[in-house]
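>
In my numbering, the protein residues as written are 208 to 695.
Here you go:
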């Protein structure tokens, strides 16, 4: 024992002296980047000894991460710190350790969701090779890859126990309260009912109100389900209800119409699942609605063109009504302009597209002068295709959009199927929360696209990991439930 303490004391003093020498040299030589070396080595040590703790730490830091451009101007590349460098490091470590079999799980490798995500990434890699801007596409591909590996594949292998699933949610929502307090305080200072203030109130943590609203919407269904569970300590319930109230308030004052709409859509899905409505009827009614919409298209467009209610600065009711204004609302018109530009790009390169991540650099010539708005630009600095569906369509061709649709279909089928088979009420609640959270973004994705950011990739892939983990590790099936499911 004495020898053990002596050896560890030697290591402690050795590392301390090395740290002091490195710090002194960095200050004298003014090479301050050297000061990061001990922290990098510390993170590597944590990753090797307890990778789960590092992943949970990253999840905790995501809501609080800020872009490097806030501290350094004129950078050739911008990323959120400290999270994205950490995620990139985790991906590198994963690739190094992969041959050791530690991260190989055959059930996970051949799971339908994993297969769908692999097909998506394979097609993205192919279109990266044929990209009109290879450097942009390579960076985009690796960014998507490190989010997928870290927050889906590795997370599935970590959240095996129900308490880990709950931990994953709390580690994002609790630091998010800090961001909400910051955003609402700034918003209230300049006018809480002023929509324009909401656009930048949460900056630099969230660049605008749309991505802020999308992140909030992800967790509102989960928190709602957790707030009304039974059998928990009073303090726990009070804390959960408080979180729900905070998130709901922030969602309202985010003034993100897409986020509001997505929560409403999640509520409809919840009712459908709880009532066990036969999906054949849902599909049938959807087809009938599409056919009817086609026949009534002209009448629908006339009605929409008569709505001239613009996005309101202070009236929430008017702000909601402006969702269908396609005549004078600049935000809606610009979104349509971006979509039409994406379709014109698709028409030019229908199979392989222009390359992943290239839309914002390539779409300007595809705008029509009569479709441009007061917020249109030719510079590659103001957003993208405003759609998780039309973005891949223009950048990766029709197969690119198809692979994304296949992925979310695989996720939802897995989740809903397992929900009907589960008997444990706690797991059913977690699973429903993940399904509804993902539903908010699947719907939001028609109007915006944020999967290239850590703020949205963490809940998207994290909730996907929850669904797959429950599907893999918790097979509490009853023969009656299985027979009922197979008969549908």
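Here a beta-carbon is modelled for each residue, glycine too, at the ideal position from N, C-alpha and C.
1) Since residue 549 and residue 597 are thought to touch, with beta carbons under 8 Å apart, how far apart are those beta carbons, to the nearest angstrom?
2) Within the same chain, show all residues whose beta-carbon is closer than 8 Å to that of residue 310, passing over the 5 residues directly before and after it, in chain order.
3) Taking the straight line between their C-alpha atoms, what separation do you get for residue 371 and residue 615?
4) With respect to the alpha helix (DSSP H) encompassing residue 544, which residues constitute its N-terminal and C-terminal limits?
5) Rounded to whole angstroms, how far is the Cβ of residue 421 from the Cβ of residue 466, which I believe are closer than 8 Å?
6) Would residue 433 and residue 451 be called neighbours here (beta carbons separated by less than 9 Å)?
7) Quick one: give me the first and last residue of the alpha helix (DSSP H) that residue 467 is part of.
8) Taking 9 Å as the cut-off, decide whether the C-beta atoms of residue 269 and residue 621 are in contact.
9) When the Cα atoms are used, what is the spatial distance from residue 551 to residue 645?
10) What are the boundary residues of the alpha helix (DSSP H) that includes residue 336?
11) Consult DSSP for residue 273 and reduce its assignment to one of helix, strand or coil.
12) In angstroms, rounded to a whole number, what distance separates the CA positions of residue 571 and residue 338?
13) Give the C-beta separation of residue 583 and residue 569 to the nearest angstrom, bearing in mind that I take them to be a contact with Cβ-Cβ under 8 Å.
14) Please confirm if the region 654-669 is in contact with the region 342-354, defined as three or more CB-CB distances below 8 Å between the two stretches.
15) Could you have a look at residue 287 and say whether DSSP puts it in helix, strand or coil?
16) Which same chain residues end up closer than 8 Å to residue 440 when comparing Cβ atoms and leaving out the 5 residues on each side of it in sequence?
17) Within its chain, find whatever has a CB closer than 7 Å to the CB of residue 649; leave out the 5 residues flanking it on each side and keep chain order.
18) Counting pairs of beta carbons, one from the region 443-450 and one from the region 402-417, are three or more of them closer than 8 Å?
19) Measure the C-alpha to C-alpha separation of residue 641 and residue 673 and round it to an integer number of angstroms.
20) Please determine whether the Cβ atom of residue 371 lies at a distance below 8 Å from any heavy atom of the ligand GTP.
21) Flag this pair as touching only if the region 600-610 and the region 324-336 have three or more C-beta atom pairs under 8 Å; answer yes or no.
22) Just confirm the distance between the C-beta atoms of residue 562 and residue 344, as a whole number of angstroms; I'd bet it's less than 8 Å.
23) Could you tell me whether the Cβ atoms of residue 460 and residue 399 are closer together than 9 Å?
24) By the DSSP assignment, the alpha helix (DSSP H) with residue 617 in it spans what residues?
25) Three-state secondary structure (DSSP) at residue 366?
26) One question on the structure: do residue 412 and residue 667 come within less than 9 Å of each other, judged by their Cβ atoms?
27) Rounded to whole angstroms, what is the Cα-Cα separation between residue 470 and residue 651?
28) Please classify residue 473: is it buried, with 16 or more other beta-carbons within 10 angstroms of its beta-carbon, or exposed?
29) Among the residues of its own chain, which have a CB less than 8 Å from the CB of residue 274, if the five just before and after it don't count?
30) To the nearest angstrom, how far is it from the Cα of residue 488 to the Cα of residue 494?
31) With 16 other CB atoms within 10 Å as the buried threshold, where does residue 599 fall?
32) Mark residue 341 as exposed unless 16 or more other C-beta atoms lie within 10 angstroms of its C-beta, in which case mark it buried.
33) Taking a contact to mean a Cβ-Cβ separation below 9 Å, would you say residue 366 touches residue 374 in this structure?
34) Are residue 639 and residue 318 closer than 9 Å when you measure CB to CB?
Taking the structure as given:
1) Confirmed, Cβ separation roughly 4 Å.
2) Counting only residues of its own chain and dropping the five nearest sequence neighbours on each side, residue 310 has a CB closer than 8 Å to the CB of 301, 304, 360, 361, 364.
3) Roughly 23 Å between the two C-alpha positions.
4) Segment 537-555, the alpha helix (DSSP H) holding residue 544.
5) Going by Cβ atoms, the distance from residue 421 to residue 466 rounds to 6 Å, so yes, they are a contact pair.
6) Contact annotation: residue 433 and residue 451 have beta-carbon atoms nearer than 9 Å.
7) First-last of the alpha helix (DSSP H) with residue 467: 464-481.
8) Going by C-beta atoms, residue 269 is not nearer than 9 Å to residue 621.
9) Residue 551 and residue 645: Cα-Cα distance of roughly 29 Å.
10) Membership of residue 336 in the alpha helix (DSSP H) is indicated by the continuous run 319-336.
11) Taken through DSSP and simplified to helix, strand or coil, residue 273 comes out as strand.
12) One C-alpha to the other measures close to 17 Å.
13) The C-beta distance from residue 583 to residue 569 rounds to 15 Å, too long to meet the 8 Å contact threshold.
14) Counting Cβ pairs under 8 Å, three or more are found: they touch.
15) DSSP, read as helix, strand or coil, puts residue 287 in strand.
16) No residues qualify anywhere along the chain.
17) The beta carbon of residue 649 sits closer than 7 Å to the beta carbons of 615 from its chain, once the five residues preceding and following it are set aside; these are given in chain order.
18) No: fewer than three Cβ pairs fall under 8 Å.
19) Residue 641 and residue 673: Cα-Cα distance of roughly 7 Å.
20) In the structure shown, the ligand GTP is absent, as is every other ligand, since no ligand is present at all.
21) Touching, yes.
22) 4 Å between Cβ atoms; contact.
23) At the C-beta level, residue 460 and residue 399 come within 9 Å of one another.
24) Note, residue 617: alpha helix (DSSP H), 597-628.
25) For residue 366, the secondary structure class from DSSP, reduced to helix, strand or coil, is coil.
26) Between residue 412 and residue 667, the CB-CB gap reaches or exceeds 9 Å.
27) Roughly 9 Å between the two C-alpha positions.
28) So residue 473 counts as buried.
29) Taken in chain order, the residues that qualify are 285, 286, 287, 288, 411, 414.
30) Each residue's Cα considered, the two are about 10 Å apart.
31) The Cβ neighbour count for residue 599, taken over all protein chains shown within 10 Å, is at least 16; the residue is labelled buried.
32) So residue 341 ends up on the exposed side.
33) Yes. Within cutoff.
34) Taking 9 Å as the Cβ cut-off, residue 639 and residue 318 do not qualify as a contacting pair.
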